[in-house]
Amino acid sequence: MARTRSTVGLKGRTGRALFYLIVLVVVLYILAPVAWMFLSTIVYETDFVRMSSNLEVPKSVNFDYYQALLFPWLPTKVEYGVWGGSWFLLDSVADTTIVAVATAALTLVLGSLAAYPLARIRFPKRYGVLTFLVVVQMIPGLAILIPTFIIMRTLNLIDTFPGYILPLATFFAPFVAWMMVGFFQSTPVELEDQALVDGCSRWGTLVRIVLPLVAPGLVASAVWAFLSSWGEFMFAIVLTGSQVTPVSVVVALAVGEVQARWGWMCAQAIIALLPPVVLAVLLQKYLVKGLTAGAIKG
Amino acid sequence: MHSDRASVPRARRKRLRIERREARFAFLLLTPCLGLVLALESFPVILSFFLTFQKVSLGMAGMTFEFAGLNNWLQMFSDRILGPILLRTLYFTGLDVGFSFLVGLGIALVLNEDFRGRSLARVALILPWAIPVVVSGRMWSLIFHSGFGILNTLLIKLGLINSGILWLTDPHYSINTVAFAQIWTHFPLLALFFLAGFETIPQELYDAAKIDGASRWQRFRHVTIPSVRNIILMMLIITTIASFKVFDMIYIMTMGYADTMVWYFNVFVQSFKFLHFDYGATLAYALFVAILVLTAAYLRLFPIRER
Numbered sequence: 001m002a003r004t005r006s007t008v009g010l011k012g013r014t015g016r017a018l019f020y021l022i023v024l025v026v027v028l029y030i031l032a033p034v035a036w037m038f039l040s041t042i043v044y045e046t047d048f049v050r051m052s053s054n055l056e057v058p059k060s061v062n063f064d065y066y067q068a069l070l071f072p073w074l075p076t077k078v079e080y081g082v083w084g085g086s087w088f089l090l091d092s093v094a095d096t097t098i099v100a101v102a103t104a105a106l107t108l109v110l111g112s113l114a115a116y117p118l119a120r121i122r123f124p125k126r127y128g129v130l131t132f133l134v135v136v137q138m139i140p141g142l143a144i145l146i147p148t149f150i151i152m153r154t155l156n157l158i159d160t161f162p163g164y165i166l167p168l169a170t171f172f173a174p175f176v177a178w179m180m181v182g183f184f185q186s187t188p189v190e191l192e193d194q195a196l197v198d199g200c201s202r203w204g205t206l207v208r209i210v211l212p213l214v215a216p217g218l219v220a221s222a223v224w225a226f227l228s229s230w231g232e233f234m235f236a237i238v239l240t241g242s243q244v245t246p247v248s249v250v251v252a253l254a255v256g257e258v259q260a261r262w263g264w265m266c267a268q269a270i271i272a273l274l275p276p277v278v279l280a281v282l283l284q285k286y287l288v289k290g291l292t293a294g295a296i297k298g
Numbered sequence: 299m300h301s302d303r304a305s306v307p308r309a310r311r312k313r314l315r316i317e318r319r320e321a322r323f324a325f326l327l328l329t330p331c332l333g334l335v336l337a338l339e340s341f342p343v344i345l346s347f348f349l350t351f352q353k354v355s356l357g358m359a360g361m362t363f364e365f366a367g368l369n370n371w372l373q374m375f376s377d378r379i380l381g382p383i384l385l386r387t388l389y390f391t392g393l394d395v396g397f398s399f400l401v402g403l404g405i406a407l408v409l410n411e412d413f414r415g416r417s418l419a420r421v422a423l424i425l426p427w428a429i430p431v432v433v434s435g436r437m438w439s440l441i442f443h444s445g446f447g448i449l450n451t452l453l454i455k456l457g458l459i460n461s462g463i464l465w466l467t468d469p470h471y472s473i474n475t476v477a478f479a480q481i482w483t484h485f486p487l488l489a490l491f492f493l494a495g496f497e498t499i500p501q502e503l504y505d506a507a508k509i510d511g512a513s514r515w516q517r518f519r520h521v522t523i524p525s526v527r528n529i530i531l532m533m534l535i536i537t538t539i540a541s542f543k544v545f546d547m548i549y550i551m552t553m554g555y556a557d558t559m560v561w562y563f564n565v566f567v568q569s570f571k572f573l574h575f576d577y578g579a580t581l582a583y584a585l586f587v588a589i590l591v592l593t594a595a596y597l598r599l600f601p602i603r604e605r
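Residue numbers (our numbering), protein chains in the order written: chain V, 1 to 298; chain U, 299 to 605.
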């Protein structure tokens, strides 16, 4: 297949120049806002306000906000305000890592195990189960969250890891199952048949033959689930509190201070965006393939 | 022949046994996922349905439930603030879906070209999608800040406006500002889908169209668009549903003030700010039913055809 199917088709020198101008606009649209937020974190707030309101060049560039947030034991020039030099951001990053890794792992196991029989085995009610998994994804999260909050409160599971991770993983599992069905269907069935004929058990075939074949799909699912749970906010704001504190909640609630500390707040936001962005960029090939696989089959 | 005929019943019995074993294996693999989904999604949704007929009171002893008949539903139909909220929700969804599609399609067309730095640009494309929405919301709040925001500063320096616009507090602008930020988080997925779709279009189609004398626009209109028809149809409904459920962005940017309250955020405010779990559940249920009806009608009107 040809690598390029020119859909815009700007030819000639001026066409080419115009095209690169368009590319520049696109890249600026994507990157400039992020770069601007980053800029706000490496200058002091007074400098930033002058820069932002009057385009003045800041007096100094420093990483004091990051140092204060990431190395709270070091002496710092930054005034903390109500946070009082605490470890809250590191705690919160640790909490979020636990939540995201556990949720991704659980989602992956639940989703891919369920997807295999849906893709391969003829059993009664197969289409019923597939339809069910699609309809479940249309339930608005809040319709689940209101009773879930009541249930978790009754079980005393509010503000605990299981009380947040279990609903979250369950919420994400149907999508991963749906995505994995496509990956299982695209593996050649002959290999499995051969393994079964050779006396390999159903489990053995699944674990040793099929799962390695769908490894790209597993990576895509795991990354998707990690990203989704890392940034998840709605369930977090209802089901967590001071014991389990996802970074999304820290970022969202940071405004509640006396003065808006924009540099400080944005430094938190930048730290919160790094893990998912780094993962997405590194594993982009798998992620994009996983997300778009269903659409291309049509 | 003779021995074959004799073994038929046995073969069938064996097949039945294998089928039963296969079904058991399928059941075993499905149980963890379906079990959790039934317990933590289906059960709450059913509970939610019952909540819509209850009066939930919060007291010293905890929550008490009381049968309330159709009160919550009647309240919904007589709630005067819901009219404007519904219209605003539709307006917001129209903006978000419309522009996400335009921007997504446009950027996909650009990134489909062969140029130096193309793969880097494609990597950048995933950023707005991968960044947590609360972070994007904080970022756009910084840019749209009415006091010292860079956008107002640039517009004033360029002479386009005389004084700063209250992007997030002036009801004329606020919902559009939130939609702008939301579009920034929604367009990458659409662009990625369009790009994936473009990859599947054979070059021969374009060559043939060119030989037949089709103009650039005609090739776009009659080759590119029909080839990604299924993607457009599927993403249209997915993006619409996602847009109905805008939450994070509004929470961060406006909290629903300055005429930015939409249906879904109102569900949250009713449930977790005013603690009217019964009424909140009713509003959430109404949205769920609306989404189901809309999706069913949509799929009937525009069936996703096999190519």
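Where a beta carbon is used, it is the ideal one built from N, C-alpha and C, also for glycine. The structure displayed is predicted, hence computed values, not measured ones.
{"Item": "Taking 7 Å as the CB-CB limit, is U/Phe491 close to chain V?", "Value": "yes"}
{"Item": "State buried or exposed for U/Ile379, treating a residue as buried only when at least 16 other CB atoms are found within 10 Å of its CB.", "Value": "exposed"}
{"Item": "Candidates U/Ile548, U/Ser346, U/Leu597, U/Lys508: which alpha carbon is nearest V/Ile139's?", "Value": "U/Ser346"}
{"Item": "Using the beta-carbon of each residue, which ones in chain U are nearer than 9 Å to V/Val251?", "Value": "Pro430, Val432, Val433, Gly435, Arg436, Ile550"}
{"Item": "In whole angstroms, what separates the C-alpha of V/Thr299 from that of V/Thr97?", "Value": "Outside the displayed range of chain V (1 to 298) lies residue 299 of chain V, so it cannot be described from this structure."}
{"Item": "Quick one: list the residues of chain U neighbouring V/Leu266, beta-carbon separation under 8 Å, in chain order.", "Value": "Reading off the sequence shown, one finds Cys at residue 266 of chain V, where the question assumed Leu. The contacting residues are Arg436, Met437, Leu440."}
{"Item": "Name, in chain order, the residues that DSSP records as bridge partners for U/Ser355.", "Value": "U/Thr362"}
{"Item": "Use the C-beta contact count for V/Asn156: other C-beta atoms within 10 angstroms, 16 or more gives buried, fewer gives exposed.", "Value": "exposed"}
{"Item": "Among V/Ala293, V/Gln284, V/Phe235, V/Lys289, whose alpha-carbon lies nearest the alpha-carbon of U/Ala422?", "Value": "V/Gln284"}
{"Item": "Is the Cβ of V/Thr103 closer than 7 Å to any Cβ of chain U?", "Value": "no"}
{"Item": "With DSSP as the reference, label V/Tyr44 as helix, strand or coil.", "Value": "coil"}
{"Item": "Given this structure, state the Cα-to-Cα distance separating U/Pro601 from U/Thr483, to the nearest angstrom.", "Value": "28 Å"}
{"Item": "Taking the Cβ atom as the reference point for each residue, do V/Ile146 and U/Phe575 lie within a distance shorter than 7 Å?", "Value": "yes"}
{"Item": "When you compare the region 38-57 of chain V with the region 437-454 of chain U, are there three or more beta-carbon pairs, one atom per stretch, that lie closer than 8 Å?", "Value": "yes"}
{"Item": "DSSP on V/Met138, reduced to helix/strand/coil?", "Value": "coil"}
{"Item": "Take the Cβ of V/Leu191 as the centre, count every other Cβ of all protein chains shown within 10 Å, and call the residue buried at 16 or more, exposed below.", "Value": "exposed"}
{"Item": "With V/Ala177 and V/Ala115 assumed to form a contact (beta carbons below 8 Å), what rounded beta-carbon distance in angstroms separates them?", "Value": "5 Å"}
{"Item": "Determine, using beta carbons only, whether U/Ser461 comes closer than 7 Å to chain V.", "Value": "no"}
{"Item": "With 7 Å as the C-beta to C-beta threshold (strictly closer), list the residues of the region 177-198 of chain V near chain C in chain order.", "Value": "Absence of chain C from the displayed structure is noted, the protein chains being V and U."}
{"Item": "Classify U/His484 as helix, strand or coil using the three-state DSSP reduction.", "Value": "helix"}
{"Item": "Starting from the N-terminal side, write out each stretch of the alpha helix (DSSP H) that is 4 residues or longer and does not extend beyond the region 249-290 of chain V.", "Value": "262-282"}
{"Item": "Mind checking the region 265-290 of chain V against chain U and listing, in chain order, the residues whose C-beta falls within less than 7 Å of any C-beta there?", "Value": "Met265, Cys266, Ala269, Ala272, Leu273, Pro276, Val277, Ala280, Val281, Gln284, Val288"}
{"Item": "When you compare the CB positions of V/Ala169 and V/Thr107, do they come within less than 7 Å of one another, or not?", "Value": "yes"}
{"Item": "Going along the chain, which residues of its own chain have a beta-carbon closer than 8 Å to the beta-carbon of U/Phe563, five neighbours each way excluded?", "Value": "Val544, Phe545, Ile548, Tyr549, Gly554"}
{"Item": "So, helix, strand or coil for U/Thr558, using DSSP?", "Value": "coil"}
{"Item": "So, does the region 466-481 of chain U touch the region 489-497 of chain U, judging by three or more C-beta pairs under 8 Å?", "Value": "no"}
{"Item": "Exposed or buried, V/Thr148, counting other C-beta atoms within 10 Å across all chains shown (16 or more means buried)?", "Value": "buried"}
{"Item": "If we require 4 or more residues per run, which alpha helix (DSSP H) segments fall completely within the region 383-455 of chain U?", "Value": "416-423, 425-428, 431-441, 448-455"}
{"Item": "Between the region 44-55 of chain V and chain U, which residues of the former have a C-beta closer than 9 Å to a C-beta of the latter?", "Value": "Phe48, Val49, Arg50, Met51, Ser52, Ser53, Asn54, Leu55"}
{"Item": "Comparing the C-beta of V/Ala222 with each C-beta of chain U, is any distance below 7 Å?", "Value": "no"}
{"Item": "Indicate whether at least one CB of chain U lies closer than 7 Å to the CB of V/Gly84.", "Value": "Only weak support is given to the placement of V/Gly84: the predicted model assigns it a pLDDT of 47, under 50, and the value that follows is read from those uncertain coordinates. False, the Cβ-Cβ gap to chain U never drops below 7 Å."}
{"Item": "What residues from chain U crowd round V/Leu110, counting only those whose CB sits closer than 8 Å?", "Value": "Pro330, Cys331, Leu334"}
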